[in-house]
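**Q**
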Amino acid sequence: MDRFPSTTLLPEAFQGTSSDDITEQLGYIWYQIKTPLIVPLLKILVVVCLAMSIMLFIERVYMAVVIVFLKIFGQKPEKRYKWETIKDDVELGNSAYPMVLVQIPMYNEREVYSLSIGAACGLSWPSDRIIIQVLDDSTDPVIKDMVEIECQRWKSKGINIKYEIRDNRNGYKAGALKEGLKHSYVKLCDYVAIFDADFQPEPDFLWRTVPFLVHNPEIGLVQARWKFVNSDECLMTRMQEMSLDYHFTVEQEVGSSTYAFFGFNGTAGVWRIEAINEAGGWKDRTTVEDMDLAVRASLKGWKFVYVGALKVRNELPSTFKAYRYQQHRWSCGPANLFRKMIVEIWRNKRVTLWKKLYVIYSFFFVRKIVAHIVTFVFYCVVIPTTVFVPEVEIPKWGAVYIPSIITILNAVGTPRSLHLLVFWILFENVMSLHRTKATFIGLLEAGRVNEWVVTEKLGDVLKAKPSAKAPKKPHLKIGERLHLLELGVGAYLFFCACYDFAFGKNHYFIYLFLQAIAFFIAGFGYVGTFVPNS
Numbered sequence: 000m001d002r003f004p005s006t007t008l009l010p011e012a013f014q015g016t017s018s019d020d021i022t023e024q025l026g027y028i029w030y031q032i033k034t035p036l037i038v039p040l041l042k043i044l045v046v047v048c049l050a051m052s053i054m055l056f057i058e059r060v061y062m063a064v065v066i067v068f069l070k071i072f073g074q075k076p077e078k079r080y081k082w083e084t085i086k087d088d089v090e091l092g093n094s095a096y097p098m099v100l101v102q103i104p105m106y107n108e109r110e111v112y113s114l115s116i117g118a119a120c121g122l123s124w125p126s127d128r129i130i131i132q133v134l135d136d137s138t139d140p141v142i143k144d145m146v147e148i149e150c151q152r153w154k155s156k157g158i159n160i161k162y163e164i165r166d167n168r169n170g171y172k173a174g175a176l177k178e179g180l181k182h183s184y185v186k187l188c189d190y191v192a193i194f195d196a197d198f199q200p201e202p203d204f205l206w207r208t209v210p211f212l213v214h215n216p217e218i219g220l221v222q223a224r225w226k227f228v229n230s231d232e233c234l235m236t237r238m239q240e241m242s243l244d245y246h247f248t249v250e251q252e253v254g255s256s257t258y259a260f261f262g263f264n265g266t267a268g269v270w271r272i273e274a275i276n277e278a279g280g281w282k283d284r285t286t287v288e289d290m291d292l293a294v295r296a297s298l299k300g301w302k303f304v305y306v307g308a309l310k311v312r313n314e315l316p317s318t319f320k321a322y323r324y325q326q327h328r329w330s331c332g333p334a335n336l337f338r339k340m341i342v343e344i345w346r347n348k349r350v351t352l353w354k355k356l357y358v359i360y361s362f363f364f365v366r367k368i369v370a371h372i373v374t375f376v377f378y379c380v381v382i383p384t385t386v387f388v389p390e391v392e393i394p395k396w397g398a399v400y401i402p403s404i405i406t407i408l409n410a411v412g413t414p415r416s417l418h419l420l421v422f423w424i425l426f427e428n429v430m431s432l433h434r435t436k437a438t439f440i441g442l443l444e445a446g447r448v449n450e451w452v453v454t455e456k457l458g459d460v461l462k463a464k465p466s467a468k469a470p471k472k473p474h475l476k477i478g479e480r481l482h483l484l485e486l487g488v489g490a491y492l493f494f495c496a497c498y499d500f501a502f503g504k505n506h507y508f509i510y511l512f513l514q515a516i517a518f519f520i521a522g523f524g525y526v527g528t529f530v531p532n533s
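Taking numbering that gives the first Met the number 0, the leading residue of the sequence shown gets 0, the next gets one more, and so forth.
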């Protein structure tokens, strides 16, 4: 077979220079597949990604309009629903107050167990109308003893606290919560408040949430907002704060005010036990048991209320390893739940067609699937690849304008971090690699679909010294820091940036170099806080 001359295979800058056989063979292969395969495939991907970008853009603009409307004309939850302080009754005494169960599920929470138990025991409510239930699934016998001793300490002070353990961890958190509701004393309770082990509610938490449930029999859940005590721990926690602030400021608020539906955040909320039972109880079929219960309860007609003014302190994961595991669970679970429930949602007869469309399209498809996939595929695969294929053009509105508007709308939830916007974009694109992978695992029910790794909590920032930082680990083995996926994507983006700098016309190399550096930083493990055994 005759060789193609180098002038037909290589850029003009290479013409006249010598090339070895390998270069010519690679050039020949690229020339053979580019026109019939690469160009059409890339054009299809561009169209699909632009369509997904438009979906995400419309969703973000819609939510922004709703939020603006609520700010100007909307009423607070206390005005939209009946809310008034539960009044004392001389004849009934404390029995005028509903019985409340407080569940604290935990697993080897050495650093934070005492904080959550102490905060729960400090809740202001008639002492004979509240039960604190610590659900300890710890496998470390030392930690188990520490938790039990802490419970006994509070019990000696007159607190009605129950220390419950299981002989297995079946169902993980969902299994623990389900078993906790089976105890005989729970039959006396009307409502259940749930707090993860790093959450510290204020003493007035029940006074501000329970009245919604008492005076509005159609409400099944009252959700509070999270307040991050360690958002300034490192740059990674600042990035998380920006993402989660948008979720609470916009997504939860919009869902609550329009369709009285949103995803339960798994903690810092109060459920009507009747709603849990009618929905079928806790299920461990996905890694998002909280969202699963919320969707099923909503399909039974229960309404949810989000109280954004009520904040509960908690801790953000400050190690990259912990954050990656958390994001895998938060991305894989919703996708898998969508796969399992889409038919059930569509066939439901108890909710309106508009609410079903909202749950299927807005809540699940756009926010839980499209948002992850388009971020990685479009900005980290398609756009970089087009530098090698000038025949494929991406309109400026799709490559620049729409992403810029979406980014600005996402960032307004945290005004104090607007100067970190560029870092946030780069970091979110890095994390989109794991979110996209997890989303496909959930949709396809692949190997790690039910992987549950408890998010590591350090607790240091909650201690007496606010300035205390997590102890840094000076010497880490190189294998503990390297993340090959990030390094691989970073290398590809760097190669694309170099090629675009030399031969391109769109100036994508500015973005590509920055994004490649972000992937390299994550790939070499220089993200978050380093702690022993993290």
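Where is the CB? At the ideal position from N, CA and C, for every residue including glycine. Since we're looking at a predicted model, the values are computed, not measured.
1. Starting from the N-terminal side, write out each stretch of the beta strand (DSSP E) that is 3 residues or longer and does not extend beyond the segment 83 to 125.
2. What residues are listed by DSSP as bridge partners for T318?
3. Taking only the alpha-carbon atoms, compute the straight-line gap between M430 and M290 and give it to the nearest angstrom.
4. In terms of residues, what are the limits of the beta strand (DSSP E) holding W206?
5. Anyone know if the C-beta pair for D189 and P97 falls short of 7 Å?
6. Residue range of the alpha helix (DSSP H) that N409 falls in?
7. With DSSP as the reference, identify every bridge partner of W270, one or two as the case may be.
8. Tell me, please, which residues DSSP counts as bridged to Y360.
9. Determine the closest residue to V287 out of F56, L44, V453 and F502, with distance taken between C-alpha atoms.
10. Apart from the five residues just before and just after N409, which ones in its own chain have a Cβ nearer than 6 Å to its Cβ?
11. Can you give me the start and stop residues for the beta strand (DSSP E) that K161 sits inside?
12. Per DSSP, Q199 is paired with what?
13. Would you say V269 and C48 are within 7 Å of each other, going by their C-beta atoms?
14. With DSSP collapsed to three states, give me the class of Q325.
15. Hey, L122 and P200 are a contact pair by Cβ (cut 8 Å); roughly how many whole angstroms apart?
16. Helix, strand or coil: which one does DSSP assign to L176?
17. Note down the Cα distance separating A334 from G489, rounded to an integer number of angstroms.
18. Give the DSSP bridge partners of D20, in chain order.
19. What do you get for G265, buried or exposed, if any count of 16 or more other CB atoms within 10 angstroms of its CB means buried?
20. Give the range of the beta strand (DSSP E) segment to which D283 is assigned.
21. Around the C-beta of A517, are 16 or more other C-beta atoms found within 10 angstroms, so that it is buried, or is it exposed?
22. Check this for me: beta carbons of S330 and A437, under 7 Å apart or not?
23. Does the Cβ-Cβ distance between R207 and L55 come in under 7 Å?
24. Contact between the segment 315 to 326 and the segment 210 to 222 is defined here as three or more beta-carbon pairs at a separation below 8 Å; is this criterion met?
25. Considering only their Cβ atoms, is the gap separating G219 from R271 smaller than 7 Å?
26. Which residues bound the alpha helix (DSSP H) around V133?
**A** Concretely, from the data shown:
1. Counting whole runs of 3 or more residues, the segment 83 to 125 contains the beta strand (DSSP E) stretches 99 to 105.
2. G527
3. 22 Å
4. Boundaries around W206 are those of the alpha helix (DSSP H), F204 to H214, since no beta strand (DSSP E) includes it.
5. yes
6. I401 to A410
7. Beta-bridge pairing links W270 to V191 and L220.
8. Bridge partners of Y360: none, in fact.
9. V453
10. Y245
11. I160 to I164
12. R312
13. no
14. When secondary structure is reduced to three states using DSSP, Q325 falls in the helix class.
15. By a beta-carbon distance limit of 8 Å, L122 contacts P200. Their separation comes to about 6 Å.
16. helix
17. 26 Å
18. According to DSSP, D20 bridges with nothing at all.
19. buried
20. It is not in any beta strand (DSSP E) - D283 carries neither H nor E in the DSSP assignment.
21. buried
22. Going by beta carbons, S330 and A437 fall inside the 7 Å limit.
23. Against a cut-off of 7 Å, the Cβ pair of L55 and R207 comes out as no contact.
24. no
25. yes
26. If you look at V133, you'll find it isn't in any alpha helix (DSSP H); it sits in the beta strand (DSSP E) that goes I129 to D135.
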